[in-house]
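Working notes for the structure below.
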Ligand SMILES: [Zn+2]
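Residue numbers (the numbering used here): 36 to 219.
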């Protein structure tokens, strides 16, 4: 499973992986199952009108088995996706919700829940004249480096097949960091 972000390990400051927790909106009838399961954290929430209670569970990857390996996981949450009041859960795809997640550090072996403070937590960041530029992970940092180093700093690179190959985020780098003096 590929990490969502790379962050500074809170324990050793080495680069650590961060995985967002998933949120699953569940029906009241299933709340009991989820509250008893050690793989999920059940939370209740009153809707804005406060006459209805919403049940949702947090699932922390890496700290819990993969969902497909949790044998009694209710079928109805396995396929498709369910839209919740303020988020949704997609079994096939990836859900990024809020800032709850898991920190995994292969250097000091830390494996724990982590509340993301982004971009403060970003491992790949640099400061130039009071402003901070950050990258999600190593691959983004390398693309950024290649772009900054390149002569033309092309915003749009079109391949021979007509596809735009340059990453979109490179078009969004503030001018502050693209000044000649900032190159080094
Ligand atoms: Zn660490």
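Beta carbons are placed, not taken as given, at the ideal position from N, Cα and C, and that holds for glycine. Computed from a prediction, not measured in an experiment: that's the story for all the values here.
Check residue i in the structure and name its three-state DSSP category.
{"i": "residue 51", "result": "strand"}
{"i": "residue 220", "result": "Absent from the model: residue 220. The displayed extent of the chain is 36 to 219, so no value can be given."}
{"i": "residue 144", "result": "coil"}
{"i": "residue 80", "result": "strand"}
{"i": "residue 111", "result": "helix"}
{"i": "residue 21", "result": "The first residue shown for the chain is 36 and the last is 219, placing residue 21 beyond what the model contains."}
{"i": "residue 157", "result": "strand"}
{"i": "residue 150", "result": "strand"}
{"i": "residue 37", "result": "coil"}
{"i": "residue 95", "result": "coil"}
{"i": "residue 126", "result": "Since pLDDT at residue 126 reaches only 40, below the 50 mark, its modelled position is unreliable, and the value read off the structure follows with that caveat. Residue 126: coil per DSSP, three-state reduction."}
Can you check which of these residues, the options, is closest to residue i by C-alpha distance?
{"i": "residue 42", "options": "64, 76, 146", "result": "146"}
{"i": "residue 72", "options": "95, 55, 164, 137", "result": "95"}
{"i": "residue 58", "options": "218, 76, 99", "result": "76"}
{"i": "residue 158", "options": "204, 51, 46, 39", "result": "51"}
{"i": "residue 183", "options": "211, 93, 152", "result": "211"}
{"i": "residue 48", "options": "69, 156, 39", "result": "156"}
{"i": "residue 90", "options": "99, 100, 79, 171", "result": "79"}
{"i": "residue 66", "options": "86, 105, 109", "result": "109"}
{"i": "residue 148", "options": "207, 142, 136", "result": "136"}
{"i": "residue 45", "options": "144, 197, 161", "result": "144"}
{"i": "residue 74", "options": "93, 206, 81", "result": "93"}
The alpha helix (DSSP H) that contains residue i, what's its start and end?
{"i": "residue 181", "result": "173–184"}
Under DSSP, the beta strand (DSSP E) around residue i begins and ends at which residues?
{"i": "residue 166", "result": "166–170"}
{"i": "residue 136", "result": "135–139"}
{"i": "residue 73", "result": "Careful: residue 73 lies outside any beta strand (DSSP E) and carries neither H nor E."}
{"i": "residue 42", "result": "40–43"}
Beta carbon of residue i: closer than 7 angstroms to some heavy atom of ligand 2?
{"i": "residue 142", "result": "With respect to ligand 2, the structure shown offers nothing to examine, as its ligands consist of ligand 1."}
My assumption, with CB atoms under 8 angstroms, is that residue i sits in contact with residue j. Please give the rounded CB distance.
{"i": "residue 151", "j": "residue 53", "result": "6 angstroms"}
{"i": "residue 69", "j": "residue 61", "result": "6 angstroms"}
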